[in-house]
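Asks:
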Amino acid sequence: MRFALILLLSLFALPALAQGWGHYDNARFGYGLDIPPGFVGQGESGNGDGQAFALAGKPIALLVWGGLLAMTDFEGEVAARLRDDAQAGWSLTYQAVTPRWASWSGQKGSRILYRRLVALCDGASYGAFSAEYSIADRVMMDAAVERMAGSLRGAC
Numbered sequence: 000m001r002f003a004l005i006l007l008l009s010l011f012a013l014p015a016l017a018q019g020w021g022h023y024d025n026a027r028f029g030y031g032l033d034i035p036p037g038f039v040g041q042g043e044s045g046n047g048d049g050q051a052f053a054l055a056g057k058p059i060a061l062l063v064w065g066g067l068l069a070m071t072d073f074e075g076e077v078a079a080r081l082r083d084d085a086q087a088g089w090s091l092t093y094q095a096v097t098p099r100w101a102s103w104s105g106q107k108g109s110r111i112l113y114r115r116l117v118a119l120c121d122g123a124s125y126g127a128f129s130a131e132y133s134i135a136d137r138v139m140m141d142a143a144v145e146r147m148a149g150s151l152r153g154a155c
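Take a look at the structure:
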């Protein structure tokens with residue numbers, strides 16, 4: 000009986016958690032994604048390419064940005080960022096790269112990094128986010144990252 004009550008209460012809590020999600024749209028590059036509950040925007044960057052989000056009391060860095068593919072194509076941009084992360088000491092544990100999107104994650108000490116990039120509709124730019132968080136926050140953040148990755152897309 001106790002288990003049934005807990006299960007029932009959990010089911011009612013799920014819609015409430017889902018309702019707490021926000022959405023960020025970037026006017027300059029025309030991309031958007033869902034933002035987890037509790038994360039507060041720190042203000043649009045000076046050049047309008049994205050924003051940082053913070054969660055009070057947690058050492059979590061959530062960055063959202065867009066960029067131009069001025070010197071390379073999308074796959075070249077992804078390769079450069081993968082190389083930069085590896086050179087920064089991230090031990091890459093997962094990567095999936097396609098012509099339209101790329102995701103990877105890595106670990107450095109007790110920190111986890113997840114990045115996702117998507118090619119945007121104009122073929123000349125991309126939208127991206129990165130989340131860096133502690134292993135202690137992994138359960139919460141893995142679920143959040145999964146939803147953010149699924150929601151990151153261009154407005155076309």
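The numbering of the sequence shown is numbering that gives the first Met the number 0, which starts it at 0 and goes up by one.
Cβ atoms here follow ideal geometry from the backbone N, Cα and C, with glycine treated the same way.
Just so it is clear, the structure is predicted and the values come from calculations on it, not from any experiment.
(1) For Ser-109 versus Pro-58, is the C-beta spacing smaller than 8 angstroms?
(2) Assuming Tyr-125 and Phe-73 make a contact with CB atoms under 8 angstroms, what is their CB distance in whole Å?
(3) Less than 7 angstroms between C-beta atoms, sequence neighbours within five positions excluded: which residues of the same chain meet that for Arg-211?
(4) Would the beta-carbon of Gly-40 fall within 8 angstroms of that of Phe-52?
(5) Could you tell me which residues DSSP puts in a beta bridge with Gln-94?
(6) Going by CA-CA distance only, name the one from Ile-111, Gly-105 and Trp-100 that's closest to Gly-153.
(7) Short check: CB of Leu-54 to CB of Phe-128, under 8 angstroms?
(8) For Leu-16 and Pro-36, I'd like the C-alpha separation in whole angstroms.
(9) By how many angstroms is the C-alpha of Val-144 removed from the C-alpha of Gly-21?
(10) Taking only the alpha-carbon atoms, compute the straight-line gap between Ala-148 and Ile-34 and give it to the nearest angstrom.
(11) What's the call for Asp-84, buried or exposed, on a 16-neighbour Cβ count within 10 Å?
(12) Let's see if you can read the secondary structure: which residues bound the beta strand (DSSP E) around Phe-73?
(13) Can you give me the start and stop residues for the alpha helix (DSSP H) that Arg-146 sits inside?
(14) Between which two residues does the beta strand (DSSP E) carrying Leu-68 extend?
(15) Take Lys-107 as the anchor and find which of Leu-91, Met-140, Leu-68 and Ala-130 has the nearest alpha-carbon.
Replies: The relevant details are as follows:
(1) Working through the sequence shown from its first residue, we reach residue 109 at position 110. Working through the sequence shown from its first residue, we reach residue 58 at position 59. Contact: no.
(2) For the purposes of this step, residue 125 is taken as the residue at position 126 of the sequence shown. For the purposes of this step, residue 73 is taken as the residue at position 74 of the sequence shown. 6 angstroms between Cβ atoms; contact.
(3) Residue numbering for the chain in the displayed model covers 0 to 155; residue 211 lies beyond these limits and cannot be assessed.
(4) By 1-based counting over the sequence shown, the position of residue 40 is 41. By 1-based counting over the sequence shown, the position of residue 52 is 53. A contact, by the Cβ cut-off of 8 angstroms.
(5) As a first step, residue 94 is located in the sequence shown; it is residue number 95 there, counting from the start. DSSP lists Trp-103 as partners of Gln-94.
(6) Walking along the sequence shown from the start, residue 153 turns up at place 154. The candidate whose alpha carbon is nearest that of Gly-153 is Trp-100.
(7) Start at 1 with the first residue of the sequence shown, and residue 54 comes out as number 55. Start at 1 with the first residue of the sequence shown, and residue 128 comes out as number 129. Cβ distance not < 8 angstroms, so Leu-54 and Phe-128 don't count as in contact.
(8) If you number the sequence shown from 1, residue 16 lands on position 17. If you number the sequence shown from 1, residue 36 lands on position 37. Bear in mind that a pLDDT of 43 at Leu-16, under 50, signals an unreliable position, so the number given afterwards is only what the model happens to contain. Cα-Cα distance, rounded: 7 angstroms.
(9) To locate residue 21, count along the sequence shown from 1; it is residue 22. To locate residue 144, count along the sequence shown from 1; it is residue 145. Straight-line Cα distance between these residues: approximately 14 angstroms.
(10) Working through the sequence shown from its first residue, we reach residue 148 at position 149. Working through the sequence shown from its first residue, we reach residue 34 at position 35. One C-alpha to the other measures close to 10 angstroms.
(11) The sequence position of residue 84 within the sequence shown is 85, counting from 1. Under this definition Asp-84 is a buried residue.
(12) Position 74 of the sequence shown, counted from the start, is the residue given in the question as residue 73. No beta strand (DSSP E) holds Phe-73; the alpha helix (DSSP H) holding it covers 73-86.
(13) The sequence position of residue 146 within the sequence shown is 147, counting from 1. It spans 137-150 - the alpha helix (DSSP H) in which Arg-146 sits, taken as one unbroken run.
(14) Locating residue 68 in the sequence shown gives position 69, counting from the first residue. Unbroken run through Leu-68: none, as it is neither H nor E.
(15) Here residue 107 corresponds to residue number 108 of the sequence shown, with the count starting at 1. Of the listed residues, the one whose Cα sits closest to Lys-107 is Leu-91.
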